[in-house]
Amino acid sequence: FMNGLNAIISAAANPAALKVQVETLGFQHLDLEVTVPRVVIFRDAIIDLFDMEMGARFTSKAKMGFLCVLNYVGGAYIFIRREYAVRIKIINSSWKTANNKVADFMDAEAEEAAEGEGEEGSKNPAGEGEEGKEGEGKDADAAAKDVFIDQERKL
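With the sequence shown counted from 1, adding 990 to any position gets you this note's numbering.
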């Protein structure tokens, strides 16, 4: 928490850097349901803590500055969750669908290869070219070439 608050305060002088910092923290907090009442409770708790710890050194100007910064951060968290959570869900869903299609495609290729090997045995009733018999039939490179050519014909 303190690292995040320190980074926000450090970036407060540079609006572009502050925006990037707050967006980064907002994405890190997407798993939390950030609402306006929760932001108010959190903001007030932090302001009260600073007020108790710093006493008179926590001026009204500093208090107003922290209120503004914490309101900005809380509002940004709410905005990020509202706007980007749906988009991230869509991306995750699309990614899952794409991966499933790739897996289905790979399974179909494996089935076709298995069927292709079974068809080769039925096309060759004399048993020529069967694997596992030494000295008979084709060597491994020629057999692999035949399987490749057979797969190309199916496509």
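Quick reminder that beta carbons are idealized off the backbone N, C-alpha and C, glycines included.
State the CB to CB distance for the pair residue i and residue j, rounded to an integer number of angstroms; the pair is presumed to be in contact (CB under 8 Å).
| i | j | result |
| --- | --- | --- |
| R1033 | N1061 | 7 Å |
| V1026 | I1068 | 7 Å |
| A1002 | V1076 | In fact, because the Cβ distance is near 30 Å, the residues do not count as touching under 8 Å. |
| G1016 | A1088 | With 8 Å as the limit, G1016 and A1088 do not qualify as a contact, their Cβ atoms being about 27 Å apart. |
| N1056 | I1037 | A small correction: the amino acid at residue 1056 is Phe; Asn does not occupy that position in the sequence shown. Going by Cβ atoms, the distance from F1056 to I1037 rounds to 6 Å, so yes, they are a contact pair. |
| I999 | V1012 | That pair is no contact at about 12 Å. |
Just reading off the alpha helix (DSSP H) that residue i is part of, what are its end residues?
| i | result |
| --- | --- |
| A1035 | 1026 to 1044 |
| T1049 | Run containing T1049: none; DSSP gives neither H nor E here. |
| F1017 | 1005 to 1018 |
| L995 | 992 to 1001 |
On the CB-based measure, 16 or more other CB atoms within 10 Å of its CB, does residue i come out buried or exposed?
| i | result |
| --- | --- |
| V1010 | exposed |
| L1039 | exposed |
| V1063 | buried |
| V1154 | There is simply no residue 1154 to check, as the chain begins at 991 and stops at 1145 in what is shown. |
| L1008 | buried |
| E1124 | Note on E1124: pLDDT 49, under 50, position unreliable in the model; the coordinate value appears next. Exposed: under 16 other Cβ atoms inside 10 Å. |
Measuring CB atoms only, is the segment 1031 to 1048 touching the segment 1074 to 1087, in the sense that at least three cross pairs come out at less than 8 Å? Not touching, per the Cβ criterion.
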